[in-house]
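Working notes, beginning with the structure itself.
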Amino acid sequence: MESGMEEIPVKVAVRIRPLLSKEVLHNHQVCVRLVPNRQQIIIGKDRVFTFDFVFGKNSTQKEVYTVCIKPLLVSLTEGYNATVFAYGQTGSGKTYTIAGGHVDQHPPCYNLLSG
Ligand SMILES: Nc1ncnc2c1ncn2[C@@H]1O[C@H](COP(=O)(O)OP(=O)(O)OP(=O)(O)O)[C@@H](O)[C@H]1O
Numbered sequence: 001m002e003s004g005m006e007e008i009p010v011k012v013a014v015r016i017r018p019l020l021s022k023e024v025l026h027n028h029q030v031c032v033r034l035v036p037n038r039q040q041i042i043i044g045k046d047r048v049f050t051f052d053f054v055f056g057k058n059s060t061q062k063e064v065y066t067v068c069i070k071p072l073l074v075s076l077t078e079g080y081n082a083t084v085f086a087y088g089q090t091g092s093g094k095t096y097t098i099a100g101g102h103v104d105q106h107p108p109c110y111n112l113l114s115g
């Protein structure tokens, strides 16, 4: 087994999306905070959760792709299988991340495959 492949085979990333304009309009509040320099988030006052990767509201498609997906492509070329899927409540940003938001500014992760 190549070095680095003895790790736990499932990794979980959390991506926090910004409030939508309609949410700002309705005075919705952000309830999730990032812990700086740690892959952790705080929900509410003090509930801390740790993930393999945490992306904040200003994270880009390219950043998510580079950190989470590109290494899987490298392992594919070495003969390993890989699956990426998005999980979360409705409106949380699954489609935006996997299939893209605004096509020019926020390309889908799979459009970055050649990068
Ligand atoms: N990282 C982000 N930055 C800016 N806007 C985002 C981001 N993620 C999601 N959005 C916006 O939030 C809204 C909901 O996102 P999206 O449709 O991707 O959610 P979803 O999880 O796929 O929802 P559903 O399960 O209902 O299909 C969209 O208007 C999308 O453009």
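Using the UniProt record's numbering, you'd call the opening residue of the sequence shown number 1 and step up by one each time. Ideal Cβ placement from N, Cα and C applies to all residues, glycine included.
- Taking the C-beta atoms as reference points, Phe49 is found nearer than 8 Å to Ile41.
- DSSP places Gln29 in no beta strand (DSSP E); its state is neither H nor E.
- Distance check between Val12 and each of Asn27, Cys68 and Gly101 places Cys68 closest, using alpha-carbon atoms only.
- Straight-line measurement puts the Cα of Lys57 at about 12 Å from the Cα of Glu63.
- Taken from the Cβ of Tyr65, every heavy atom of ligand 1 lies 7 Å or farther away.
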